[in-house]
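The next block holds one structure in the form of structure tokens; read it before the comments.
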Amino acid sequence: MTSSPHRLKSSKWFAGQNVPGFVHRSAMRASGFSRMAVDGRPIVGICNSWSEVVNCNMHFRGMADAVRRGVLAAGGFPLEFPTISLGEQLMKPTTMLFRNLMAMDVEESIRAYPFDAVVLLGGCDKTVPAQLMGATSADVPAIVLTGGPASPAVFNGKQLGVGTDLWHYIDEVRAGRMPMAEYDRLESAAGPSQGHCPEMGTASTMATLVEGLGMTLPGAAAVPAMDSRRLQVAEMVGVRAVGLAAEGLRPSQVLTAEAFDNAITLMLAVGGSTNAVVHLLAIAGRAGVELPLDRFHELSSRTPLVVNVRPAGQHLVEQVFHAGGIPAVMKAIEPLLHTEALTVTGKTVADTLPDRAGTDPTVIANLNTPFQPPQGLSVVRGNLAPNGAVIKCSAATADLLVHRGPAVVFDSMADMMRRFDDPDLEVTAESVLVLRSAGPRGAPGMPEWGQLPIPSKLLAQGVTDMVRISDARMSGTAYGTCVLHVSPESAVGGPLALVRDGDVIALDALAGRLDVLVTDDELAKRRAELPVAPAPHHRGYTALYVERVLQADQGCDFDFLVGRSSAPENEPDAVFDGWVGGW
Ligand code: FES
């Protein structure tokens, strides 16, 4: 049995020789657990986001079993608990609407139960940031275990990423170049295994950033979901969770400003998802770390793309794993990292880096010979985005990064769906497509609508990319010259609400500018003329969300959840030792 140098949180439940202690212990024994569960060894919660509505996380029961083995072997006692699970593809209107709900579920479960440490078992896009947000607020020792990338689909002899290639084939269908029978074959082949999307989409990006933040074991992120080494990692995570419980090393000691710099730098080096910007801002808010949106632009200006993985490159995460995984990537960018940052291993980044930066330079390059120069992501500001917007330059068309063109404005997703394929729509390849009412409050939930479709008549002319601007997000697997997260959003009066068809919009992603070339007087006049629409009625959780969600530049967290919170064992003893309910 592992001994702890400090008083375990679980001892407040189980150590007392009083009525509450009796009730807590007997509740455990009623579950079939022997005295071993309450004899003072560390209790490790396994926070499992498994469910049958999240295909990416379907293998988590086996992973939880492996964690359990590790916990028991190290002298702890494991207790698995469920949370809501957010299935990216099935959940409507968007999982982002429920990220904060899951974060609250995770936080309160960790705080309310006798866990001395937790293993956060997440994979599909929003599950990892939600668990990190909740665990950061609870500030109980925590370690993340992600599900690993799925085995790639093979279609017509080509390995597919789930999203990246799908967007391409959808355009092929719309342009009449792919017959429906072939599209049907693609549908059945697209998801051959459990695990998260196998390219550097949002899930792989978040798994990578967990390593960058120091919140998991080195090398854990890229091990494929179906590789036996993922279960081996899970066992070792269980072992380490017991160590964390004994040492009392908390997320607040790991999630420092330096850790966020490291994660952002890593995100830029792998060409990660723009969604990670919103999630990192939210996690930093929970950790009490000041992280302005412009920090992403600053770090981007010095960080090149050193990993050749889709959507910014050619390979899938599996190839990154075989070339050395995320530790090799971190070794490649070591001069840009704060290597003195502490990780959940109890060691610094420097202590855990490998000797060499990868085994295949066509997959993991180095800072001297990168795949793309710095500035793979830009934060743009101007009279159209006073509080900022982001564009993933590494997945955009280089010639469009500096562009002027007339706006074609869609008032909402419904408006866009009605008109974007209208043959009479006045649009050319030089137009700038604008979508509004797609932000955190306006949609609500800031869906991944930011990769607006290219109108079919332009696709037929061979147009493959256009400048697109919205207050929405974009799938991490997507690509194109898409300005996203415009803040403040149109629904709260952001300037996107004032743009009209034909206004010239000027984008200079390299200089960090986004402007509509309309005078201030004209914009003020339009603002005065804005129709006052009645606020849509929302009930329940959505009503809370719309009322309290912050804008994208602040991470879309709830305003009442930002900032450090008190550790649960700082609750007065009376909370634990008072009389027990239920009898
Ligand atoms: Fe679940 Fe991509 S849809 S990870």
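Position 236, counted from 1, in the sequence shown is what the numbering used here calls 263; the numbers after and before it change by one each time, with no gaps. Cβ coordinates follow ideal geometry from the N, Cα and C atoms, glycine included. These numbers come from a predicted model, not from an experiment.
Distance check for residue j and residue i, CA to CA, integer angstroms please.
i      : j      : result
Gly114 : His223 : 11 Å
Pro251 : Ser164 : 30 Å
Ser439 : Leu511 : 15 Å
Glu214 : Ala208 : 10 Å
Leu462 : Val146 : 40 Å
Thr232 : Ala303 : 7 Å
Pro467 : Val573 : 7 Å
Ile197 : Ser458 : 22 Å
Val454 : Pro480 : 13 Å
Gln44  : Tyr140 : 19 Å
Ala505 : Phe142 : 39 Å
Pro561 : Arg322 : 37 Å
Ile496 : Gly507 : 11 Å
Leu577 : Val305 : 11 Å
Gln581 : Ala465 : 16 Å
Ser255 : Ala202 : 42 Å
Arg88  : Val171 : 15 Å
Pro206 : Gln341 : 25 Å
Ser421 : Pro338 : 9 Å
Phe398 : Pro176 : 22 Å
Pro450 : Ala423 : 26 Å
Arg204 : Gln488 : 12 Å
Pro515 : Val429 : 23 Å
Glu134 : Ala570 : 21 Å
Glu238 : Arg68  : 28 Å
Gly270 : Ser37  : 15 Å
Leu282 : Leu240 : 7 Å
Glu549 : Met131 : 43 Å
Met85  : Ser78  : 7 Å
Under 8 Å from any heavy atom of ligand 1, does the C-beta of residue i make it?
i      : result
Asp192 : no
Thr229 : yes
Val81  : yes
Gly299 : no
Gln399 : no
His223 : yes
Ala151 : In the sequence as presented, Ala is not what sits at residue 151; that position holds Cys. Yes, ligand 1 has a heavy atom inside 8 Å of this Cβ.
Glu115 : yes
Thr504 : yes
Given residue i, which residues of its chain have a CB within under 7 Å of its CB, disregarding the five upstream and five downstream residues?
i      : result
Val266 : Gly97, Ala100 and Ala101
Met501 : Thr301, Glu475, Gly477, Gln478, Cys509 and Leu511
Ala524 : Arg463, Ser517 and Leu557
Leu295 : Leu326, Ser327, Thr330, Gly403 and Leu404
Which same chain residues, not among the five before or five after residue i, have their C-beta less than 8 Å away from its C-beta?
i      : result
Gln116 : Asn82
His365 : Glu285, Ala286, Asp288, Asn289 and Val376
Tyr210 : Tyr196 and Val200
Leu485 : Val454, Thr455, Ala456 and Met493
Gln280 : Leu369
Ile360 : Thr292, Leu293, Ala296, Thr330, Val333 and Leu394
Phe108 : Gly72, Ile73, Cys74, Asn75, Ser136 and Tyr140
Thr121 : Ala470, Gly472, Met473, Pro474 and Glu475
Short of 6 Å in beta carbon distance, which residues of its chain neighbour residue i, apart from the five on each side in sequence? Order them along the chain.
i      : result
Thr154 : Ser76 and Leu113
Thr229 : Asp152, Ser300, Asn302 and Gly503
Met253 : Ser178 and Ser220
Met123 : Gly472 and Met473
Phe41  : His51, Arg52 and Val65
Met483 : Here the sequence assigns Ser to residue 483, which means Met is not the residue at that position. Cβ within range, chain order: Arg201 and Asp448.
Ala93  : Leu258, Ala261 and Glu262
Arg553 : Leu525
Ala216 : Ala180 and Phe182
Ala311 : Phe287 and Leu318
Residue i and residue j look like a contact to me (Cβ under 8 Å); what is the Cβ gap, rounded to whole Å?
i      : j      : result
Ala247 : Thr173 : 7 Å
Val334 : Gly298 : 7 Å
Ser327 : Leu404 : 5 Å
Val344 : Val356 : With 8 Å as the limit, Val344 and Val356 do not qualify as a contact, their Cβ atoms being about 11 Å apart.
Gly529 : Ala434 : 7 Å
Leu541 : Leu411 : 5 Å
Leu128 : Ile70  : Incorrect: roughly 25 Å between the Cβ atoms, too far for contact.
Ala268 : Ala144 : 5 Å
Fully enclosed by the stretch 141–203, which alpha helix (DSSP H) runs are 4 residues long or longer? 154–165 and 191–201
In chain order, what are the residue ranges of uninterrupted alpha helix (DSSP H) at least 4 long that sit wholly in the stretch 468–504? 483–487
Which complete beta strand (DSSP E) runs does the stretch 389–453 hold, if anything under 3 residues is left out? 404–409, 412–419 and 429–437
Going residue by residue through the stretch 283–316, where are the continuous alpha helix (DSSP H) segments of at least 4 residues, counting only ones entirely within it? 284–297 and 302–314
Every unbroken alpha helix (DSSP H) inside the stretch 46–99 [4 residues or more]: 46–57
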